[in-house]
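Going left to right, the sequence shown walks through residues -19 to -1, 1 to 1143 as mature numbering (1 follows the signal peptide of the UniProt record, and there is no 0) numbers them.
Every residue, glycine too, gets a C-beta built ideally from N, C-alpha and C.
Predicted model, so just to flag it, every value in this text is computed and none were measured.
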Amino acid sequence: MGVALRTLLLWSFCCLVRGVPLLLYANRRDLRLVDAAHEKANATVVVGGLEDAAAVDYVYSQGLIYWSDVSEEAIKRTVFNQSGAHTVQTVIPGLASPDGLACDWLGRKLYWTDSETNRIEVAELDGSMRKILFWQELDQPRAIALDPERGFMYWTDWGEIPKIERAGMDGTNRSMIIDKEIYWPNGLTLDYGQQKLYWADAKHSFIHRCDLDGSSREVVVKGDLPHPFALTLYEDTLFWTDWNTHSIHSCSKHTGGEQRVVHANIFSPMDIHVFSEERQNTRASSPCLLNNGGCSHLCLLSPSSPSYQCACPTGVQLLADGRTCRDGATQVLLLARRTDLRRISLDTPDFTDIVLQVDDIRHAIAIDYDPVDGYIYWTDDDVKAIRRSRLDGSDAQFVVTSQVNHPDGIAVDWIARNLYWTDTGTDRIEVTRLNGTMRKILISEDLDEPRAIVLDPVAGYMYWTDWGEVPKIERADLDGMERVVMVNTSLGWPNGLALDYDERKIYWGDAKTDKIEVMHMDGTGRRVLVEDKLPHIFGFTLLGDFIYWTDWQRRSIERVHKRTAEREFIIDQLPDLMGLKATSVRQAAGSNACAHSNGGCSHLCLFKPQGVQCGCPIGLELIADMRTCIVPEAFLLFSRHTDIRRISLETNNNNVAIPLTGVKEASALDFDVTDNRIYWTDITLKTISRAFMNGSALEHVVEFGLDYPEGMAVDWLGKNLYWADTGTNRIEVAKLDGQHRQVLVWKDLDSPRALALDPAEGYMYWTEWGGKPKIDRAAMDGSGRITLVADVGRANGLTIDYAERRLYWTDLDTTLIESSNMLGQDREVIADDLQHPFGLTQYQDYIYWTDWSQRSIERANKTSGQNRTLIQGHLDYVMDILVFHSSRQGGWNACSSTNGHCSHLCLAVPVSSFVCGCPAHFSLNEDNKTCSAPTSFLLFSQKTAINRMVIDEQQSPDIILPIHSLRNVRAIDYDPLDKQLYWIDSKQNVIRRAQEDGNQSVTVVSGLMGGPSQGIQLYDLSIDIYSRFIYWTSEVTNVINVTRTDGSRVGVVLRGEQDKPRAIVVNPERGYMYFTNLLERSPKIERAALDGTEREVLFFSGLGKPVALAIDNEVGKLFWVDSDLRRIESSDLSGEREGSRWLVGSSSAHLFLSLFFYSKLK
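Here you go:
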C-alpha cells in the first residue's frame, strides 16, 4: 500500500500542473485517494478497517487527515505523508452524530457539526480546548465549510426548516443566507477565488451556487441528480459523491456541463475533498500563529477587526482583559445518571454536559461535592458502595463498601470533613470521615424509607426526607440526636431536599404531589413554589437564586428562580437521570468549632447547635473527657429482633447498633473474642450468621435444616458452634464456619432452649421448655446426658459463672432469677420481685438481665441480688444478652491446639479430654482421628429440600443437604463414582447436579427449550454410571431422552406415537432400562435395551398407576409403587410377578423404593 500511495503523491504534483487533482473521499469502511484524471483508476486506501467514516478533511501543510466515525461517535486523525498513513488517533471522543467536519488550516483548528446534539463545536487540532460555538436554533446541522482568510464558516441544516447559515469562525455575526427552495442540503463547498458558495440538495437533485452572503443565487446542475451527497471544487471543476450511483461525478462549475463519472463502484461514498495544497492557501497570514494571538486558550479567526478573537473552552468564562480564561468553571451542576457522571458549567449559557471518565458506574443515585478538596462523592446502588473522584473523573476511589444496601442520599460536611448518607435498605443514617474511616451509625430507629439528606454544618443540623408509609421531613443535630419532625402532612414521595443558607429556607420536591415547596428553617411559612409540569422529581439542589431538579418522566433537568418562579430547561431528553448537585467549585462557606483541630475530638467531630459533640466509630467509646475514644474492655451485647446492639459497661455511652444488614428476627447471640466476631440465630430467616464486631464480613454459616434455633453458644476453645432448635428438637454442632455439621442430641428432647458451654471442663448445659421443663447437662459430644434441675419452669438465659463455678438462669414461669452449683444443687433465688425476666448474663460481681415488662436491661449483685441499677430503658423484646469480654472465654483444653489432630470436629469431654467427631452420617475411622463418608444411605426429597439418612445402630437422624435454590424437587438420583447428586426441579424445569455439600451446583439439562411458558415438563431421571448417560422422561415430549453427564445431548432412544413414558430406572449391569408407560386406559411397565431396542411389555394388567421404579441387582428384583392401588409390588427382572406388600401411602412407598438403590452403593 505504501508504494501505491507514494506513487499517487508523486503524481499529484504533475496532476496539479495539468489541472487534475487527487480526490480524498470517505467510504464508510475506509478513506481513499483517487486520481481524478483516470476514469478507471483504482482508488488507494489511505486508512482501512474503519467502522463508519462519514466526514473527512485535512491540513495539507501538516500532513494531517481527519475523519468522523458516526458508529464510534468520534473524530479521528492520522499523519499522512509520502510514506503513507501512520497511527490512528482519536482526537474527539464522546460525540453523538458527527456528520460534518472542517479544518481551519490557517488558525489550525478543527470545526464540526453534530446532528444529534444539534451543536457546532471547535477545538485545537489535537482535540483539546473544545468549545461549543452554536447550540441554539440548530436542527440537524450537517455539512460545514470554512473560509479562514475571511474568517467565516458556513453550514447546512436540514431539520424542519432547512437552511444554510454562515457565521464568523469565532461564533459571531451569525446569519441565515439560504432558506428558500431547499430541502436536504447535503454538500457544501467554497470557491475561494470567485467567492462563491456551492451546495447540493439531495431532495431537489440539484447543485446551486450563490455569493458568500447568499445573494446572486444560480442553478449549476438542474434537478436530475440521483442523490448527491458531498461536494468539492478544484479550479473550474465541481466534484460530488452520489449515494444512488455509488460514484464520484464531475462537471464544469460555470455551466454544469461536461458531466462525467470520475470513479465508480464505490461501496458507500460519503464526504469528498480535493486533496491539494492549492485548496489551502497558507500564504495568507494568520493573527493566531504569533504567540497564539496573546490568548491564554483558544484563538479563533474572525470576520471582524482585528480578525481574531480569544475564546475559552466550553463552560469557562473569559476575563475582562478579553485574552485570559478563568482557571476552569466557578460554579457547576454535577449530575448522576444511572451509568455515568456528568458536569455542567453554570458559568456559560450553553449548559453543555461533559461525561466524567470514571469506570464501572452501574447505578449511580445520589451525588455531592466537597469544595475544599475538590472531590465528587456518589452512591452506587448496584455496586453497593460510596465512591469519590476528582471533578474530571480522575483519582476514583471506593470510600464505603460494606453494609451498603440502597444508599439513596449523600451529604458532605465540608467543615468537619465528614460524610453522611441515608440507606433505604438498612433504614439507617450513618457518618464517616470523608475517606471512609471512623464509621458510626447515627440513626437506625423509626426510619422507613430515608432518601434525600442535606446538612447545615454552620448551624449544626441535618435534614432528611422519608417517603415511607408516613412521609415526612425530619431534622436532627449532626450527631443524630434531638430529632424533630418538620413536615408530615400533604407529602407523598418527598424525593428532593435543598437548603437556602442565606435566606434560612428549606425547599423540597415531591414526586407524588408533583410540587416544589418551601418553608422557613423553623418549619413556618410553608408554601408552594411550583406545581405545574412536574411529573416525577428525583434529584434536587439549590445554588444562588436557582433550584435545579431532575425529572424521570420528562427526562430533563430544569431550574426555577426561587423568587420570580421563572423556569428554563438545562438539559432535555436525557434518560436515566438520578441525583444532582449545584455547587461552587472552590468556595466553601461558613465555619464552626470542628474546623479547628477537629474540635479537639480524637475521632469524629459532630457539630451541634450547642457546640462540639465528639463521636466514636463503631466499637469505640468516649471516656470521661468526652473527647477521646477508646476500645472498651467490656460491653454488653444484646439482640432485639431486627438489630444487635451494644452498651458500654465503662462509660455512660448510649447503646449503639452494630451495622448488620438483613437481620429479621435475631434471637440467640454469642461471640468469639479471639477474632472479634459475633454469632446470632435468626428465627425468621432460619439461619445462623456471623460478622465482625464492626458489621463487616457478614455471612450465613448455617442455612439449612433450622426451624427455631433459640439457643446457640460458641465453643471458643474447639472453634465449634453449638445450637439448640426448639422446632427440630435437636442440639447440633459444626465448626464456626458451619462446616462438618453433626447432630449431638436428638432423642427425648422437648423444646430445647437456652444453651451454655463449659469447654474447659468438657460440658454443655441446656434448658428444655416442653411438657416437663428442666435443665440438662451432657459432655460436649452429646454423651453422658443427665438432668441437673427438674423442678423448674421455662428456664432461659442459662449462664455460667466460670470463676465461682455456678449456673444462673431466669424462670419465665416463676419470674425468678436463680442460681445453683454446676450439679444443679445448692439452689438460691437471686431476685424474686421481677415482672418478666428473659435474657441473662454474668460478668465479674454482677448479673445483667432483660425484663420484657419493664422494657429494660438491669444489673444487680450476683450473690445477693442487691445494688440494682437500670442500665437501659425503653427496649422492646430483648432476646439474648451477654457481656463481651475476654474473661468470659478463658481456659484451655486439648482441642484448643491443632484441633486435637482431628480431621473434622474436636469435641471436649470430661475430664480434660476430647473425642474426634465426624460430620453427620460420617464414621470415625480406627485411628479415632479421621472420618469416612457413608457408603450406604437413603436420599429422599421434600418439595424444597433433599434429605439424607443412614440406617445404623445409633439410629442417626436424617439431615437436609446444603443445596441452594430448590423450588420443587420431583426426582433424584445419585452418581456414586463422582459422588454427585442429580435432581429434577419441576418449578425451574431443569435437571441439576451438585455435590452433597452443595458445591459445584450446575444445570445439566434445561427444559425451557420452548420458552419458559411452554417448557417440556421433566418427569423422571436415571443415571447409567458406566456410560455416563442420564436417561430422562418428559410429560410433553413423551419420549425417553439421553444426555451425557457433562450436559451434551445424545438424543432420543425411545419414541412411540401413543407412548407416555414416565418413571424410569436403568440397569446398566444387565444392559436394560425399565419404565412405566402411563397410557390412559392401560398403564404398562416395560423394559428395553439401553439403546431403545428389544422393547417388551412386562406388565399391563393389574396395574393402577405405577409411579416409581427401583431395581435390586443383587437379588434380581424390580420393585414399583402403584399410587392408585396404594401398594408396592415386585417381580424378577424378566417380569415374573411376585406377591405384594401393602403400605399406607405412596409417599412413604417412594422412600422405601429409594432405599433399594442407595443402599447398594458400596
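Looking only at its chain, what residues have a beta carbon closer than 8 Å to the beta carbon of residue i, apart from the 5 residues adjacent to it on each side?
i	result
Asp794	Pro754, Gly774, Arg775
His67	Thr59, Val60, Phe61
Ile767	Asp757, Arg758, Ala759
Cys191	Ile158, Ile159, Lys177, Leu178, Ser197, Arg198, Glu199
Should residue i be listed as close to the ligand NAP, given that the test is whether its C-beta is under 7 Å from any heavy atom?
i	result
Ala672	With respect to the ligand NAP, the structure shown offers nothing to examine, as it has no ligands at all.
Leaving out five residues on either side along the sequence, give the residues of the same chain with a beta carbon under 7 Å from the beta carbon of residue i.
i	result
Val1	Ala17, Ala18
Arg671	Arg658, Ile659, Tyr660, Glu680, Val682
Asp651	Tyr660, Met693, Ala694, Val695, Leu863
Asp349	Tyr358, Ile391, Ala392, Val393, Lys562
Glu1075	Ala1069
Asn246	His227
Pro993	Low confidence applies here, because Pro993 scores a pLDDT of 43, under 50, leaving its location unreliable; read the following figure in that light. For Pro993, where only same-chain residues beyond five positions count, there are no Cβ hits under 7 Å.
His387	Asp362, Asp404, Thr405, Gly406
Considering only the alpha carbon of each residue, which of the options lies closest to residue i?
i	options	result
Met467	Glu450, Asn636, Lys177, Tyr444	Tyr444
Arg869	Ser1104, Ile944, Gly108, Thr780	Thr780
Ser1082	Thr1074, Ser1063, Glu1067, Asp1093	Ser1063
Met150	Leu169, Leu114, Thr71	Leu114
Gln568	Arg536, Leu524, Gln594	Leu524
Leu428	Ala457, Gly417, Gly441	Ala457
Asp223	Glu216, Phe187, Ala875, Ser233	Phe187
Ser288	Asp302, Gly296, Ser904, Ala265	Ala265
Val986	Ile46, Val971, Ala901	Val971
Val10	Val26, Gly881, Leu3, Asp373	Sequence check: residue 10 is Arg here, not Val. Closest option to Arg10, Cα to Cα, is Val26.
Leu1035	Pro352, Thr1018, His244	Thr1018
Asp80	Asn225, Asp340, Trp93	Trp93
Please report the distance separating the alpha-carbon of residue i from that of residue j.
i	j	result
residue 1148	Ser109	In the structure displayed, the chain extends from -19 to 1143; residue 1148 sits before or after that span and is not available.
Cys912	Asn906	5 Å
Phe895	Asp762	9 Å
Val385	Lys365	5 Å
Gln720	Asn848	44 Å
Thr98	Ala126	19 Å
Gly1032	Leu1059	22 Å
Val1078	Trp964	27 Å
Leu327	Glu547	17 Å
Asn842	Gly600	27 Å
Ile396	Leu459	12 Å
Ile342	Asp857	41 Å
Val892	Asp908	21 Å
Asp491	Ala926	46 Å
Trp136	Val202	20 Å
Arg544	Ala479	15 Å
Asn573	Ala678	36 Å
Ser877	Thr916	31 Å
Val15	Gln43	21 Å
Closer than 6 Å by C-beta to residue i: which residues in its own chain qualify, once you throw out the five before and the five after it? Chain order, please.
i	result
residue 1155	Nothing can be reported for residue 1155, as the shown portion of the chain is limited to -19 through 1143.
Pro1085	The question names Pro, but residue 1085 is Gly in the sequence shown. Asp1103, Asp1105, Leu1106, listed in sequence order.
Gly846	Ile811, Ala812
Bridge partners for residue i per DSSP, in chain order?
i	result
Val219	Looking at the sequence shown, residue 219 is not Val but Leu. Partner(s): Leu214, Cys232.
Gly596	Leu585
Lys716	Asn701
Phe187	Asp182
Asn842	Tyr827
Gly149	Phe133
Tyr1007	Answer is none; Tyr1007 lacks a bridge partner.
Gln723	Val714
Met157	Glu146
- Task: Scan the stretch 547 to 586 and note each continuous beta strand (DSSP E) run of 3 residues or more that stays entirely inside, going in chain order.
- Result: 548 to 552, 558 to 565
- Message: If we require 3 or more residues per run, which beta strand (DSSP E) segments fall completely within the stretch 476 to 504?
- Response: 486 to 491, 496 to 501
- Item | Whole runs of the beta strand (DSSP E) within the stretch 291 to 334, excluding any shorter than 3 residues | 312 to 318, 322 to 326
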